[in-house]
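Peer 1: Provided herewith is a single structure, encoded as structure tokens, for subsequent inquiry.
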Amino acid sequence: MPFVNEYVSDEDALKYDLDNLWNKYDYSSNMLKMPELLNHFDVHQHIWCVDNERGYWLFNCGFLINNDSISGYPEPSNREAFILHVNGQNIEFILASHGMEATELYPIHFSYSLVSMSPSSLPNMSRESLLNILKDAINIFKYNGIRALEDNARTLIEFDF
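What the sequence shown shows, in numbering that gives the first Met the number 0, is residues 0 to 160, in sequence order.
Here it is in structure tokens:
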């Protein structure tokens, strides 16, 4: 079964500690933390992109903060944190997003470049295999998973890795 966008069950959110994963990375966590932030969404649940058959999932932890901004104040960066769960292990990916020229068919068009990946491989899976799984999941998650299905249909993502 391929990846699909879903709301995360409360049980899985607790099992995988998604509140703390989000709070660890997302810049807005300084203002409002999970689980309180979930109350600001129409559906008060986390979202992910999941391959239930293989037990893989992708969780977008949001944008990272830039503490070295020109203004001297912390600001959101173009770097996003993703957690890819494969074979019982979380792999942390930091990706930089870059806006690209919009088209009539794809008004939302951007590319990702790889900033970091930890760990860079698993005992039974190569770096290249993990990157391919990540790309497959992001191409389904697109703009904002199940929360943005209309925007996802108009989104084109490219990868520089």
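Just so you know, even glycine gets a beta-carbon here, dropped at the ideal spot from N, CA and C.
From a predicted model like this one, the values you see are computed outputs, not experimental measurements.
Grouping DSSP H, G and I as helix and E and B as strand, with all else coil, what is Arg78?
Peer 2: In this structure, Arg78 counts as strand in the three-state DSSP scheme.
Peer 1: DSSP three-state call for Asn143: helix, strand or coil?
Peer 2: coil
Peer 1: Beta strand (DSSP E) containing Leu5: first to last residue?
Peer 2: According to the sequence provided, residue 5 is Glu. The question's Leu does not apply to it. Val3 to Tyr6 is the extent of the beta strand (DSSP E) around Glu5.
Peer 1: Considering just the uninterrupted stretch of the alpha helix (DSSP H) at Glu10, what are its terminal residues?
Peer 2: Asp9 to Lys14
Peer 1: Could you check if Ala80 is buried or exposed, using at least 16 other CB atoms within 10 Å of its CB as the buried criterion?
Peer 2: buried
Peer 1: Quick check on the burial criterion: 16 or more other C-beta atoms within 10 angstroms. Buried or exposed for Asn19?
Peer 2: exposed
Peer 1: Of all the options Phe62, Glu74, Ala12 and Gly98, which has the alpha carbon lying nearest to the alpha carbon of Tyr24?
Peer 2: Nearest to Tyr24 by alpha-carbon distance, out of Phe62, Glu74, Ala12 and Gly98, is Phe62.
Peer 1: Helix or strand or just coil, what does DSSP make of Ile137?
Peer 2: Helix.
Peer 1: On the CB-based measure, 16 or more other CB atoms within 10 Å of its CB, does Gly71 come out buried or exposed?
Peer 2: By the neighbour-count rule (16 or more Cβ atoms within 10 Å), Gly71 is not buried but exposed.
Peer 1: Measure the alpha-carbon distance for Pro1 versus Asp67 and round it to whole angstroms.
Peer 2: 39 Å
Peer 1: Just the C-alpha distance for Leu83 and Phe58, rounded to the nearest angstrom, thanks.
Peer 2: 7 Å
Peer 1: Quick check on Phe160: buried or exposed, where buried means 16 or more other Cβ atoms within 10 Å of its Cβ?
Peer 2: Its Cβ having fewer than 16 others within 10 Å, Phe160 is exposed.
Peer 1: Per DSSP, what kind of secondary structure is Glu91 in: helix, strand or coil?
Peer 2: Three-state DSSP puts Glu91 in a strand.
Peer 1: So, under 8 Å CB-CB, Gly144 and Ile46 are touching, yes? Tell me the CB distance rounded to an integer number of Å.
Peer 2: 4 Å
Peer 1: Might you give, ordered along the chain, the residues of its own chain that have their beta carbon closer than 8 Å to the beta carbon of Cys60, omitting 5 neighbours on each side?
Peer 2: Leu20, Trp21, Lys23, Tyr24, Asp25, Glu79, Ala80, Phe81 and Ile82
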